[in-house]
Amino acid sequence: MSQPIAIAIHGGAGNIRMDKMPADKQQSYQKGLENAIKVSYDRLAGNGSAMDAVETAVTRMEDYPLFNAGRGSVVDHRGKIEMEAAIMDGANLEAGAAVGLERTRNPVALARAIRHHSQHIMLNGEGAENFAREHSIPQEDEQYFITDHRYDQWVQLDEQGAVSLDHNAPQGGEEIG
Amino acid sequence: TVGAVALDGNGHLAAATSTGGMVNKKYNRIGDTPLIGAGTYADNRWGAVSTTGHGEYFMRLVAAYSVISMREFGGMELTRATQLLIHHKLDKLGGQGGLIAIDPSGRICMPFNAPGMFRASMRNDAQEPLIAMFD
Chain A
2 MSQPIAIAIH GGAGNIRMDK MPADKQQSYQ KGLENAIKVS YDRLAGNGSA
52 MDAVETAVTR MEDYPLFNAG RGSVVDHRGK IEMEAAIMDG ANLEAGAAVG
102 LERTRNPVAL ARAIRHHSQH IMLNGEGAEN FAREHSIPQE DEQYFITDHR
152 YDQWVQLDEQ GAVSLDHNAP QGGEEIG
Chain B
853 TVGAVALDGN GHLAAATSTG GMVNKKYNRI GDTPLIGAGT YADNRWGAVS
903 TTGHGEYFMR LVAAYSVISM REFGGMELTR ATQLLIHHKL DKLGGQGGLI
953 AIDPSGRICM PFNAPGMFRA SMRNDAQEPL IAMFD
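So the protein sequences, as listed, match chains A and B. The opening position of the first sequence corresponds to residue 2 in this note's numbering, with each subsequent residue numbered one higher. The opening position of the second sequence corresponds to residue 853 in this note's numbering, with each subsequent residue numbered one higher.
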């Protein structure tokens, strides 16, 4: 066989039970996974690099509102979004990471820009998003990220004063980590 | 949390992970996802890893790099290293979650100790992608 090419993705692990997840929701998650794996595999098959493929896959899942990343991220104690991401290149052990992001549409794209254009590995919060703007990494208003489902989940938890992995959160029988 | 690991036609490996973290989290809490070695790691010689679940446990285990070091220094196959990490070390600590990993031969492992994990994989010797959610 020629040089193997392969990709694997995850959309989170946790209290994901068939008996608790309505069929339509299963199909929605299936669709999100299928889209991400096919588009990213096509990148690989088209001679794309492993870095391109993992960035493509994660970007697709960040854009898909059901997964807890990018759009559809869970809501924090302030009622806001706070995202984090990392990417690592096995060829040279180079890496990029960003934490405390509130406006960056695709945190994985910022992590990759940090890896390529900064002398650091991890940038945080306002500084990270200044770097994003300097490198034309798209930013969005807060409402772009917060879905009704995540907002409702947060309201219930906040009333209980609890913090939770989203897969254990209310309405979250099938939710994901 | 979402993640990906890949092997390209030049034999290069890469890993990426992204998350919104925990619901209602406070104090700017940071999880394993952005920490190189805990939630994300890649080395062409040994493998690429992306984790998901209760981040604090993956941080304490330095989970992603632990899989790589079991391969590099312990001579383990990817399957055994990832199973040990999830079903021995994570279990013993009382943590819950999963990981995806790939090695230079294109072998893919996706173990988890939670009721389910959203996951998918595709290789050039397969016709269709594998897509799964439940145990």
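Using N, Cα and C, we set each Cβ at its ideal position, and we do this for glycine too. If you're wondering where the values come from, they're calculated on a predicted model, not measured in any experiment.
Quiz item: Applying the criterion that 16 or more other CB atoms from any shown protein chain within 10 Å of the CB defines a buried residue, is Arg179 (chain A) buried or exposed?
Solution: Lying before the first or after the last residue shown, residue 179 (chain A) is absent from chain A, which here runs from 2 to 178.
Exercise. List in chain order: all unbroken beta strand (DSSP E) runs of 3+ residues lying wholly within the region 909-979 of chain B.
Key: 949-954, 968-975
Quiz item: Is the CB of Ile938 (chain B) under 7 Å away from at least one CB in chain A?
Solution: If you number the second sequence from 1, residue 938 (chain B) lands on position 86. Closer than 7 Å: no.
Quiz item: Three-state secondary structure (DSSP) at Gln120 (chain A)?
Solution: For this step, residue 120 (chain A) is matched to residue 119 along the first sequence. Looking at Gln120 (chain A) - three-state DSSP - the assignment turns out to be coil, as it is neither helix nor strand.
Exercise. Determine the burial state of Asp20 (chain A): buried for a count of at least 16 other Cβ atoms within 10 Å of its Cβ, exposed for fewer.
Key: The sequence position of residue 20 (chain A) within the first sequence is 19, counting from 1. Burial call: exposed.
Quiz item: When the cut-off is 7 Å and only beta carbons count, does Leu124 (chain A) lie next to chain B?
Solution: Taking the first sequence and counting its residues from 1, one reaches residue 124 (chain A) at position 123. Chain B, which has no Cβ nearer than 7 Å to the Cβ of Leu124 (chain A), makes this no.
Quiz item: Of all the options A:Pro66, A:Gly97, A:Met123, which has the alpha carbon lying nearest to the alpha carbon of Arg182 (chain A)?
Solution: For chain A, the structure presents residues 2 to 178; residue 182 (chain A) sits outside this window and is missing.
Quiz item: Cβ atoms of Met969 (chain B) and His150 (chain A): under 7 Å apart, would you say?
Solution: Taking the first residue of the first sequence as position 1, residue 150 (chain A) is located at position 149. Taking the first residue of the second sequence as position 1, residue 969 (chain B) is located at position 117. No, the pair does not count as a contact, with Cβ atoms beyond the cut-off.
Exercise. Quick one: list the residues of chain A neighbouring Met911 (chain B), beta-carbon separation under 8 Å, in chain order.
Key: Within the second sequence, the letter at position 59 stands for residue 911 (chain B). Chain A residues near Met911 (chain B): none, gap ~12 Å exceeds 8 Å.
Self-check item: Where His136 (chain A) sits in the DSSP three-state scheme
Solution: Reading the first sequence from its first residue, position 135 is the one you call residue 136 (chain A). His136 (chain A): coil per DSSP, three-state reduction.
Quiz item: How long is the line joining the alpha carbons of Lys32 (chain A) and Asn131 (chain A), rounded to whole angstroms?
Solution: As a working mapping, residue 32 (chain A) is identified with position 31 in the first sequence. As a working mapping, residue 131 (chain A) is identified with position 130 in the first sequence. Cα to Cα, Lys32 (chain A) sits roughly 34 Å from Asn131 (chain A).
Quiz item: Count the other CB atoms within 10 Å of the CB of Ser918 (chain B); is the residue buried (16 or more) or exposed (fewer)?
Solution: As a working mapping, residue 918 (chain B) is identified with position 66 in the second sequence. Ser918 (chain B) comes out buried.
Quiz item: Alpha carbon to alpha carbon, how far is Gly47 (chain A) from Val857 (chain B)?
Solution: Translated into the one-based positions of the first sequence, residue 47 (chain A) becomes position 46. Translated into the one-based positions of the second sequence, residue 857 (chain B) becomes position 5. Going by the C-alpha atoms only, they are around 17 Å apart.
Exercise. Could you tell me which residues DSSP pairs with Gly899 (chain B) in its beta bridges?
Key: Taking the second sequence and counting its residues from 1, the one referred to as residue 899 (chain B) is at position 47. BP columns for Gly899 (chain B) point to B:Asp895.
Practice problem: Using alpha carbons as the reference points, say which of B:Tyr893, B:Gly907, B:Ala890 lies closest to Arg881 (chain B). | Solution: Taking the first residue of the second sequence as 1, we reach residue 881 (chain B) at position 29. Out of B:Tyr893, B:Gly907, B:Ala890, B:Gly907 has the C-alpha closest to the C-alpha of Arg881 (chain B).
Practice problem: For Ser870 (chain B), decide whether its Cβ has a neighbour in chain A, counting only Cβ atoms nearer than 7 Å. | Solution: Counted from its first residue, the second sequence places residue 870 (chain B) at position 18. Yes - at least one Cβ of chain A is within 7 Å of the one on Ser870 (chain B).
Practice problem: Using only alpha-carbon positions, find the residue among B:Asn896, B:Ala868, B:Ala953 that is nearest to Leu930 (chain B). | Solution: Residue 930 (chain B) sits at position 78 when you count from the first residue of the second sequence. Checked all of B:Asn896, B:Ala868, B:Ala953; the closest Cα to Leu930 (chain B) is B:Ala953.
Quiz item: Any idea if Gly889 (chain B) is buried or exposed, counting beta-carbon neighbours within 10 angstroms, 16 or more meaning buried?
Solution: The residue given as residue 889 (chain B) occupies position 37 in the second sequence. Buried is the call here.
Quiz item: How big is the Cα-Cα spacing for Val76 (chain A) and Val40 (chain A)?
Solution: As a position in the first sequence, residue 76 (chain A) is number 75, starting the count at 1. As a position in the first sequence, residue 40 (chain A) is number 39, starting the count at 1. Taking the straight line from one Cα to the other gives about 28 Å.
Quiz item: By the criterion of Cβ-Cβ separation under 9 Å, what are the contact partners of Phe132 (chain A) in chain B?
Solution: By one-based count along the first sequence, residue 132 (chain A) stands at place 131. In chain order: nothing, as chain B lies at least about 14 Å away.
Quiz item: For the putative contact between His117 (chain A) and Lys877 (chain B), defined by C-beta atoms under 8 Å, what is the C-beta separation to the nearest angstrom?
Solution: Within the first sequence, numbered from 1, the residue matching residue 117 (chain A) stands at position 116. Within the second sequence, numbered from 1, the residue matching residue 877 (chain B) stands at position 25. About 29 Å separates the two Cβ atoms, so there is no contact after all.
Quiz item: Closest to Phe910 (chain B) by CA distance: which of B:Val901, B:Asp884, B:Gly899 is it?
Solution: Stepping through the second sequence from its first residue, residue 910 (chain B) is reached at position 58. It is B:Asp884 whose Cα lies nearest to the Cα of Phe910 (chain B).
Quiz item: For chain A, is any of its Cβ atoms less than 7 Å away from the one on Ala925 (chain B)?
Solution: For the purposes of this step, residue 925 (chain B) is taken as residue 73 along the second sequence, with counting starting at 1. The identity of residue 925 (chain B) in the sequence shown is Phe, whereas the question assumes Ala. Not closer than 7 Å to any Cβ of chain A, the Cβ of Phe925 (chain B) fails to qualify, so no.
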